[in-house]
Amino acid sequence: MSQRRIYLDNNASAPVRPEVIEIMTEVMLEGGNPSSVHKSGRGARARLDTARAHVAELVNALPPEVIFTSGGTEASDLAINGVAPANSLDEIVMTVIEHPAVRASASMSGKPITELPVTLDGMVDLKAAEKVFDRLAADGKTAFVCVMLANNETGVLQPVQEIGQMIRDRKIGLLHCDAVQAAGKVPVDAMLLGADTLALSSHKIGGPQGVGALIVREGVAISPRIAGGGQEMGRRSGTENVAGVAGFGKAAEVAVEHLATYANLARVRDRLETELRQSANDIRIFGEGTARLPNTCCFAAPGVSAETALMFLDLAGIEVSTGSACSSGKVAQNYVLSAMGACDAERNAALRVSLGWRSEETDVERFLEVWNGHIDQMKGF
Ligand code: PLP
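Here the sequence shown is numbered in the working numbering, starting from -10 and rising by one per residue.
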């Protein structure tokens, strides 16, 4: 019997919203280069302006603070290797659970790196952060501090605002926030967070892949990583991906309108977790005791290998993840869960279920049906 596939991997990429496909089709049919002065060019420029306003609104930024990029990875690279050097910051400080986009960009920077640990709940350890910031202040050093807003694996929300305040109190540098997983899922206010730069990605919120943005607060210096025709006010050259950007703008607009509906996913996620726990009481739900995104459940049922579970679920038409999409393919050591004190058995069993704008409660019911129906078989595999 063929069944509709159930997609529960929205933290990897969310399905593209129909409104987004519609606007992208319109824009591609219109054509035009936003740098041209004729009518088509002006039309393309207007498309960029509209999208910029919507993306700015998504995170309470100003439109000129938005620099469109090829995605969240390029946005964090531009922050770490464009903004940090332009402000002559001495070091990089980042949480140990940052996405590879931040970790690899930090390694490329050539600057000394200090990692901030997390608690067993997966939240950055504020006491440890305070110590590092006090050391920087005492040594007269500055840092580019990178703290993600929501972790991609566990959904755990980080105390970015508190860290922003600590940085400002000590005047020890600037704060970069990777808000790729948080934007469009929970309210994000760049101003309130005190972030000097903020990375966003379109494909996590129902927009197309290959588009994102870096928000750079007014007055913060930046050196471009890509030079050329001077697009994006000289901060990121190259003819803009007008259709992609328009799609991102539409996804941002719709996400803002649907933030309250998105919050309701927490009830469905909580039901999933309650019923999973009924099926096996030794299950560990990562970050369970702390504030998390409403859509994410990362859990380990010791004795059920994640690879085996993924295969059984896939055969039953259900798509989940064993780790972040960017690091899967190879089932690498999960550094996020290691940092949360997960043992080998838990790491090998960890699965991530991430709901999205198209998810329905029946999707979770089907997941539970397949999970409970195969648990003994999966354990014996
Ligand atoms: N940051 C986080 C937290 C992510 O989850 C991802 C993608 O999974 C990225 C950055 C990279 O974004 P992109 O795929 O748009 O390059």
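Think of the CB as a built atom: it goes at the ideal place given N, C-alpha and C, for glycine as much as any other residue.
Quick test of your reading: residue i and residue j, contact by CB under 8 Å. State the CB separation rounded to the nearest angstrom.
| i | j | result |
| --- | --- | --- |
| Val48 | Val177 | 5 Å |
| Arg256 | Val353 | So it is not a contact: roughly 10 Å between Cβ atoms. |
| Asn270 | Leu344 | Wrong, their Cβ atoms sit about 24 Å apart, outside the cutoff. |
| Leu265 | Phe288 | 6 Å |
| Met137 | Glu63 | Not a contact, Cβ separation roughly 16 Å. |
| Glu142 | Asn(-1) | Their Cβ separation, rounded to whole angstroms, is 13 Å, which puts Glu142 and Asn(-1) out of contact at 8 Å. |
| Gly201 | Gly60 | 4 Å |
| Ala338 | Ala290 | 6 Å |
| Val234 | Ala35 | At roughly 12 Å, the Cβ-Cβ gap does not stay under 8 Å, so Val234 and Ala35 are not in contact. |
| Leu146 | Ala280 | 4 Å |
| Val85 | Glu104 | 5 Å |
For residue i, count neighbouring Cβ atoms within 10 angstroms of its own Cβ and tell me buried if that reaches 16, exposed if not.
| i | result |
| --- | --- |
| Ala249 | exposed |
| Thr58 | buried |
| Thr263 | exposed |
| Met83 | buried |
| Val217 | Contrary to the premise, residue 217 reads as Gly rather than Val in this sequence. When all chains shown are included, Gly217 counts as exposed. |
| Gln366 | exposed |
| Leu387 | Any answer about residue 387 is impossible in this case: the structure gives the chain only from -10 up to 370. |
| Glu229 | buried |
| Ile10 | exposed |
| Pro197 | buried |
| Lys239 | buried |
| Ser313 | With a pLDDT of 48 at Ser313, under the threshold of 50, the modelled position of this residue cannot be trusted; read the value that follows with caution. It is buried - the Cβ of Ser313 has at least 16 other Cβ atoms within 10 Å. |
| Glu242 | buried |
| Ser24 | exposed |
| Val44 | buried |
| Glu358 | exposed |
| Met17 | exposed |
| Glu335 | buried |
| Ala188 | buried |
| Arg31 | exposed |
| Ala328 | buried |
Nearest to residue i by alpha carbon, out of the options?
| i | options | result |
| --- | --- | --- |
| Arg157 | Leu109, Ala269 and Phe133 | Phe133 |
| Glu80 | Thr311, Met97 and Ala64 | Met97 |
| Met112 | Pro7, Val121, Val149 and Ser94 | Val149 |
| Val72 | Thr186, Arg41, Arg6 and Thr311 | Thr186 |
| Leu164 | Ala126, Ala184, Thr62 and Pro7 | Ala184 |
| His192 | Lys174, Val5 and Val325 | Val5 |
| Glu54 | Ala232, Leu203, Ile(-5) and Ala235 | Leu203 |
| Glu349 | Arg258, Gly276 and Val205 | Arg258 |
| Arg206 | Cys166, Val231 and Ala3 | Cys166 |
| Ile272 | Gly369, Ser2 and Ile364 | Ile364 |
| Ala232 | Arg(-7), Glu335, Gly144 and Gly21 | Gly21 |
| Ser294 | Ser310, Ala305 and Gly306 | Ser310 |
| Glu119 | Arg159, Thr108 and Asp128 | Arg159 |
| Ser226 | Ile(-5), Gly276, Leu67 and Leu109 | Leu67 |
If you measure from the beta carbon of residue i to each beta carbon in chain C, is any gap under 7 Å?
| i | result |
| --- | --- |
| Ala241 | The structure shown contains no chain C, having only a single protein chain. |
Quiz prompt | Ordered list of beta strand (DSSP E) runs contained in the segment 74 to 139, each at least 3 residues | solution = The qualifying runs are 80 to 84, 102 to 105 and 132 to 135.
Quiz prompt | Pocket of ligand 1 (residues with CB nearer than 5 Å to any heavy atom), chain order | solution = Taking a cut-off of 5 Å from the heavy atoms of ligand 1, the residues with a C-beta inside it are Gly60, Gly61, Thr62, His88, Ala90, Asn141, Asp167, Val169, Gln170, Ser190, Gly201 and Cys315.
Quiz item: Mind pulling the beta strand (DSSP E) runs of 3 or more residues that sit fully within the segment 237 to 306?
Solution: 285 to 289, all fully within the segment 237 to 306.
Practice problem: Please specify which runs of the alpha helix (DSSP H), each continuous and at least 4 residues long, are wholly inside the segment 31 to 74, giving them in chain order. | Solution: Runs of the alpha helix (DSSP H) spanning 4 or more residues and lying entirely within the segment 31 to 74 occur at 61 to 67, in chain order.
Quiz item: Mind pulling the beta strand (DSSP E) runs of 3 or more residues that sit fully within the segment 328 to 360?
Solution: As far as the segment 328 to 360 is concerned, its whole beta strand (DSSP E) runs of at least 3 residues are 339 to 343.
Practice problem: Could you pull out every unbroken alpha helix (DSSP H) segment of at least 4 residues lying fully inside the segment -3 to 35, listed in chain order? | Solution: Listed in chain order, the complete alpha helix (DSSP H) runs (minimum 4 residues) inside the segment -3 to 35 are 7 to 19.
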